[in-house]
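Note sheet for the following structure.
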Amino acid sequence: MGCTIMSDGWRDTRHRPLINFLVYCSKGISFIKSVDASDIESNAQTLCNLFSEIVEIVGPKNVVHMVTDNAANYKAAGKLLCEKYPSVCWSPCAAHCINLIMKDIGELSHIDSLITLASRVNVFIYNHKWSLNWLRKRLGWTEIICPGATHFGTTFIALKSLHDHKNDLQAMVNSIDFKKVIKLPKAMEVNLIILDETFWKNCLISVNVMAPLLRLLRVCDSDEKPFLG
12 MGCTIMSDGW
22 RDTRHRPLIN
32 FLVYCSKGIS
42 FIKSVDASDI
52 ESNAQTLCNL
62 FSEIVEIVGP
72 KNVVHMVTDN
82 AANYKAAGKL
92 LCEKYPSVCW
102 SPCAAHCINL
112 IMKDIGELSH
122 IDSLITLASR
132 VNVFIYNHKW
142 SLNWLRKRLG
152 WTEIICPGAT
162 HFGTTFIALK
172 SLHDHKNDLQ
182 AMVNSIDFKK
192 VIKLPKAMEV
202 NLIILDETFW
212 KNCLISVNVM
222 APLLRLLRVC
232 DSDEKPFLG
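Just so we're aligned: the sequence shown equals residues 12 to 240 in my numbering.
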């Protein structure tokens, strides 16, 4: 029975590009090594040489599959690797592919505008103690989720979280307390956004459209069990 080698690129606190290599087989997952890619050229041949080194560590006869990110240079490196080792099959990381799909969707002009408006509401609320305190006194209040910088799925999770708080937010801007601070910077703009039913309708449509992709991402990114043999 063969095993799968998985590569995971990330940046540490010093912003160094690192690549973790792990091997998966029927008995579980084991860490192989972490490589500092700062001095490694990100072209296909150099990456293929790096992948080949990992394959040799595990043993070419033991490896049947390699999973990497779906960037063009990784894809080309995977093709070269398969040519060098005919018994090895390369495939892109499903979670990374879905994240890239979400990134592309989030960059569509109407979605980007919607996300910008939602972000302004979030920033206003969490930059003013009085608004946050007012909302936290609401029965059943939970914190609004903020999107992550690199996890594109969180953008749509944050939109859903904001939509879930629609009634609380509209109650806030209609309150006497809000009228006292309406002259604060951005307060009027946030007031118009929160009372705009078209904004909320577009939030709901976007959330419903993206829900199946988010469910699929949770499946692919789960640590509970592998989803590709």
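Heads up, the beta-carbon is just placed ideally off N, CA and C, and yes, glycines get one too.
In the DSSP assignment, W152 falls outside any beta strand (DSSP E), carrying neither H nor E. For T79, the three-state secondary structure derived from DSSP is strand.
If you look at T15, you'll find it isn't in any alpha helix (DSSP H); it sits in the beta strand (DSSP E) that goes C14 to R22.
Taken through DSSP and simplified to helix, strand or coil, L33 comes out as strand.
In the three-state reduction of the DSSP assignment, C104 falls in the coil class. The three-state secondary structure of P28, taken from DSSP, is strand. Between C231 and I155 a beta carbon distance of about 26 Å is seen, past the 8 Å cut, so the two are scored as non-contacting. Boundaries of the beta strand (DSSP E) around V46: G39 to D47. The Cβ atoms of M113 and L206 lie no closer than 8 Å to each other.
Residue pairing by DSSP puts V74 in a beta bridge opposite C14.
Note on geometry: alpha-carbon atoms of H76 and W101 lie some 6 Å from one another. Bounds of any alpha helix (DSSP H) do not take in L206, whose DSSP letter is neither H nor E. Between the alpha carbons of I168 and K72 lies a distance of about 43 Å.
A straight-line Cα-Cα distance of about 18 Å links L111 and A87.
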